[in-house]
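Numbers 144 to 579, taken from our numbering, label the letters of the sequence shown in order.
All residues carry an ideal CB built from backbone N, CA and C; glycine is no exception.
Just so you know, these numbers come straight off a predicted model, no measurement behind them.
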Amino acid sequence: MLLAPPLPRGRPGACRMRRAIAVSALAGLALALAVGNAPAMILSLGAETLVQAGGVDLQVSGYSVPCLADWNGDGLADLLVGEGGGTLAGTVHVFLNVGTAGAPAFAGSSHLQAAGQDLSVPGEGCLGAFPRVVFWNADLLPDLLVGSANGTVTLYLNEGAPGSPLLGAGQLLQVGTPGSKVAIDVGMRATPIHKDWNADGRRDLVAGALDGKLHLFLNTGTDSAPDFLAESFAQGAAGDLLVPSGRSSPDLADLNEDGRLDLLTGNTNGEILFYANIGSAAAPLFGDPLRVPAAEVPIDYAGTPRTRPFLCDWTGDGWLDLLIGLGDGKVHLLQGAPTDVAVLPPAARLGLPWPNPANPRLSVELAVEQPGTYAVRVLAPDGRALAALFAGSAAPGILRLDWDGRDGAGRPAPSGLYLIALSGESCGARKCLLLR
Numbered sequence: 144m145l146l147a148p149p150l151p152r153g154r155p156g157a158c159r160m161r162r163a164i165a166v167s168a169l170a171g172l173a174l175a176l177a178v179g180n181a182p183a184m185i186l187s188l189g190a191e192t193l194v195q196a197g198g199v200d201l202q203v204s205g206y207s208v209p210c211l212a213d214w215n216g217d218g219l220a221d222l223l224v225g226e227g228g229g230t231l232a233g234t235v236h237v238f239l240n241v242g243t244a245g246a247p248a249f250a251g252s253s254h255l256q257a258a259g260q261d262l263s264v265p266g267e268g269c270l271g272a273f274p275r276v277v278f279w280n281a282d283l284l285p286d287l288l289v290g291s292a293n294g295t296v297t298l299y300l301n302e303g304a305p306g307s308p309l310l311g312a313g314q315l316l317q318v319g320t321p322g323s324k325v326a327i328d329v330g331m332r333a334t335p336i337h338k339d340w341n342a343d344g345r346r347d348l349v350a351g352a353l354d355g356k357l358h359l360f361l362n363t364g365t366d367s368a369p370d371f372l373a374e375s376f377a378q379g380a381a382g383d384l385l386v387p388s389g390r391s392s393p394d395l396a397d398l399n400e401d402g403r404l405d406l407l408t409g410n411t412n413g414e415i416l417f418y419a420n421i422g423s424a425a426a427p428l429f430g431d432p433l434r435v436p437a438a439e440v441p442i443d444y445a446g447t448p449r450t451r452p453f454l455c456d457w458t459g460d461g462w463l464d465l466l467i468g469l470g471d472g473k474v475h476l477l478q479g480a481p482t483d484v485a486v487l488p489p490a491a492r493l494g495l496p497w498p499n500p501a502n503p504r505l506s507v508e509l510a511v512e513q514p515g516t517y518a519v520r521v522l523a524p525d526g527r528a529l530a531a532l533f534a535g536s537a538a539p540g541i542l543r544l545d546w547d548g549r550d551g552a553g554r555p556a557p558s559g560l561y562l563i564a565l566s567g568e569s570c571g572a573r574k575c576l577l578l579r
């Protein structure tokens, strides 16, 4: 039984794409980046189509939020779509797949039920219900997480049987120490996912929000009985990661097959942004965003439609596809395009720091291939920017950058592992060890 369509890990003949840097020939638009000077893959998406149901474009009320999973246990991926916002409550439509695994087709829909009535969460502004199918406990039945406009996250456990889902009453997810737990509240516009953020074998809760941050609730319980003690935030090179224009709507996948989860997110302005993980699997740290293209043009819907993406394998062909919900109530499908890609050098790259370990001074070379604006910073283990080595425009050539082992205030940095991070026209990172 297929519980949820797995994200593809590549297929025979796809290694060129996995190992190449994809670039657009249009106006020199870069569509990939190098991480630690190793080539990285970004999505290769074709032209957009609209998902249909009953022979017409699928349409829900208010803001659409799609999710693909085998809801009824028949081995076919079904489509769940959240709707609502404004004065409309948040509800979820279920479109059962009446086609095949390779050619999904949908007829009509029904409202998802919970505790014997239509599932409903408070709708407001630009969000009704944000559904994600999860496997919360150890019973192997698909459960449902729903983010709400008011910033809360509700869990609906499946009390049915294989092939016959039956959701119980929802329960607000909580955070805090035993005896002091409160409802999780990310402020406004909760867009949750349930994935293993820090590679410890336990799935965590990651939620986007109106503020553009990624709110992290790390699981300190077990994978089948999660427990969240505290809230933290995803980190970028300069501190808390902040998605431009706000309303972050995340999905996570290893998009460059380096063993680390990368970030794909929507935003208020209608873009889809890719953040490469330049940290580690256990401690993600993200570089600067790149706009994801479709048919060689960056995805950027008109106005402020609030993009809510969902990565999937729509046809089971091994290529990553993308579903996007918007304010138009439709479901936009961008299928993976198995096209050849060009291998080009990054715009700039970092050399190896030397000496390494440092005691306390070190140098690193920035090799600039293309003129542009770059920044090189020393990052502390928790992702904080410790010192700036370079910030500004650079012409092609080699720049030698020196670090004296001190932070921006002139204080000696303690012994430990640090990251030298490149951002701007290219991203990359090098590790260095400081010994005093």
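Item	Value
Member of G551, D221 and G268 whose CA lies at the smallest distance from the CA of T243	D221
Best match in N420, T411, G389 and S391 for proximity to R403 [C-alpha to C-alpha]	N420
Contact check, V296 vs A212, beta carbons under 9 Å	no
Per-residue burial, L283 [other beta carbons within 10 Å of its own, 16 or more giving buried]	exposed
R579 versus A531: straight-line alpha-carbon distance, rounded	21 Å
Close Cβ partners of G634 (< 8 Å) along its chain, the five nearest in sequence each way excluded	The structure shown has nothing for residue 634, since the chain only spans 144 to 579.
Distance between C575 and A538 (C-alpha atoms, nearest Å)	26 Å
Beta-ladder partner(s) of D370, from DSSP	Answer is none; D370 lacks a bridge partner.
Cutoff 8 Å; reference Q317; Cβ partners in own chain excluding five residues on either side	K324, V325, A326, I327 and F371
Beta-carbon proximity check, I467 vs T447, cutoff 9 Å	no
Selected residue, minimal CA-CA separation from T516, among R492, Q260 and P500	R492
The stretch 284–293 touching the stretch 264–274, judged by at least three CB pairs closer than 8 Å	yes
Validate contact between the stretch 197–208 and the stretch 224–235 using beta carbons, cut 8 Å, 3 pairs	yes
In DSSP terms, what Y418 is bridged to	L406
Bounding residues of the beta strand (DSSP E) (the contiguous stretch that carries V507)	L505 to V511
DSSP state of C570 mapped onto helix, strand, coil	coil
C-beta atoms of A232 and D343 nearer than 9 Å	no
Option in P305, S307, L287 and G303 with minimal Cα separation from Q314	L287
Whole runs of the beta strand (DSSP E) within the stretch 337–389, excluding any shorter than 3 residues	347–351 and 357–360
Neighbour-count burial assignment, A165, 16 or more Cβ in a 10 Å radius	With a pLDDT of only 29 at A165, under 50, the local geometry of the prediction cannot be trusted, and no value is derived from it.
Spatial distance of V474 from S207 (CA atoms)	7 Å
CA nearest to the CA of L463, picked from D547, G472, F453 and G479	G479
Euclidean distance between Cα positions of L577 and N362	31 Å
Among P274, V235 and F273, nearest to L255 - alpha-carbon criterion	V235
Whole-angstrom C-beta distance between A437 and E191, which should lie under 8 Å	6 Å
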